[in-house]
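Working notes, structure below.
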Amino acid sequence: MAVYTKIFLKFPRRFWPEAPGKEFFLYASDRRGYYPVWQQFKKEYPGSDVLLVTVSDDESRRIEQQSDNQTMAEAMEVLRKMFPGKDVRDATEILVRRWWSNRFFKGTFSNWPSVNRYEYDLIRAPVGRVYFTGEHTSEKYNGYVHGAYLAGIDSADILINCVKKNMCTYNVKGKHD
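Residue numbering for the sequence shown follows UniProt numbering, beginning at 1 and increasing consecutively.
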């Protein structure tokens with residue numbers, strides 16, 4: 001399971017550049033994953049004055065264990081380094097997604113290196129009357145929302161066949177079939 005934390009910061013006004021090709025900002029740090037990728041939402045949400053920063057792996061785990069105030073202070077320090085000479089006011093709101101520390105998720109998205117169709121079938125195989133679906137069961141699009149969507153359709157088809165046609169068996173082909 002990969003860990004990828006999204007942090008949303010709302011500001012009283014914009015201080016970052018706005019132009020075509022300026023949707024993303026990058027920050028280079030000696031620390032791997034330390035507030036590296038920033039994104040603005042002017043096109044998607046005009047007037048929102050929101051930035052999204054994404055952290056990953058060890059930094060995600062560290063940030064998820066600290067307070068929102070500590071995270072905001074770190075993020076503001078990074079932004080002031082990124083935009084020297086600008087009037088970078090403190091964010092007014094913060095939202096930190098804590099997928100890794102949430103007991104129902106324990107991570108952000110799956111990362112299955114070298115897994116084949118047989119192994120995906122085993123991952124999504126039902127246990128009794130409990131069926132599994134989600135991006136982690138998608139061979140082609142694991143880790144993506146589109147994978148979750150397509151896996152949901154597949155699982156719905158399996159359940160519909162079970163209910164309407166009394167075809168309730170889930171067959172996992174052999175590894176070499």
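Where a beta carbon is used, it is the ideal one built from N, C-alpha and C, also for glycine.
So what does DSSP say about residue i, is it helix, strand or coil?
{"i": "threonine 137", "result": "helix"}
{"i": "glutamate 23", "result": "coil"}
{"i": "valine 163", "result": "helix"}
{"i": "glutamate 44", "result": "coil"}
{"i": "valine 78", "result": "helix"}
{"i": "valine 172", "result": "coil"}
{"i": "glutamine 70", "result": "helix"}
{"i": "glutamate 18", "result": "coil"}
{"i": "glycine 33", "result": "coil"}
So if DSSP puts residue i in a beta bridge, which residue, or which two residues, is it bridged to?
{"i": "aspartate 53", "result": "For the sequence presented, residue 53 should be read as valine rather than aspartate. Per DSSP, Ile7, Trp38."}
{"i": "phenylalanine 83", "result": "Phenylalanine 83 is not bridged to any residue."}
{"i": "glutamate 93", "result": "Lys10"}
{"i": "valine 127", "result": "Val130"}
Drop a sphere of 10 angstroms on the beta-carbon of residue i, count the other beta-carbons inside from all chains shown, and report buried for 16 or more, exposed for fewer.
{"i": "aspartate 87", "result": "exposed"}
{"i": "serine 60", "result": "buried"}
{"i": "serine 114", "result": "exposed"}
{"i": "isoleucine 7", "result": "buried"}
{"i": "histidine 136", "result": "buried"}
{"i": "threonine 92", "result": "exposed"}
{"i": "arginine 129", "result": "exposed"}
{"i": "glutamine 40", "result": "buried"}
{"i": "glutamate 74", "result": "buried"}
Please say whether residue j and residue i have beta carbons closer to each other than 8 Å?
{"i": "tyrosine 131", "j": "isoleucine 160", "result": "no"}
{"i": "arginine 98", "j": "glutamate 119", "result": "no"}
{"i": "aspartate 68", "j": "phenylalanine 11", "result": "no"}
{"i": "tyrosine 35", "j": "valine 55", "result": "yes"}
{"i": "threonine 133", "j": "glycine 147", "result": "no"}
{"i": "glycine 21", "j": "aspartate 58", "result": "no"}
{"i": "glutamate 77", "j": "lysine 42", "result": "no"}
{"i": "serine 96", "j": "threonine 5", "result": "Residue 96 is actually valine in this sequence, not serine. Yes, Cβ-Cβ distance for valine 96 and threonine 5 is below 8 Å."}
Where residue i and residue j are concerned, what is the direct C-alpha to C-alpha distance, given to the nearest angstrom?
{"i": "valine 127", "j": "serine 155", "result": "14 Å"}
{"i": "leucine 79", "j": "tyrosine 27", "result": "9 Å"}
{"i": "tryptophan 38", "j": "leucine 150", "result": "29 Å"}
{"i": "phenylalanine 104", "j": "serine 138", "result": "20 Å"}
{"i": "methionine 72", "j": "leucine 122", "result": "42 Å"}
{"i": "lysine 164", "j": "serine 101", "result": "40 Å"}
{"i": "valine 125", "j": "arginine 31", "result": "Looking at the sequence provided, one finds alanine at residue 125 rather than valine. Rounded to whole angstroms, alanine 125 to arginine 31 spans 40 Å at the Cα level."}
{"i": "cysteine 168", "j": "leucine 51", "result": "47 Å"}
{"i": "asparagine 142", "j": "glycine 85", "result": "43 Å"}
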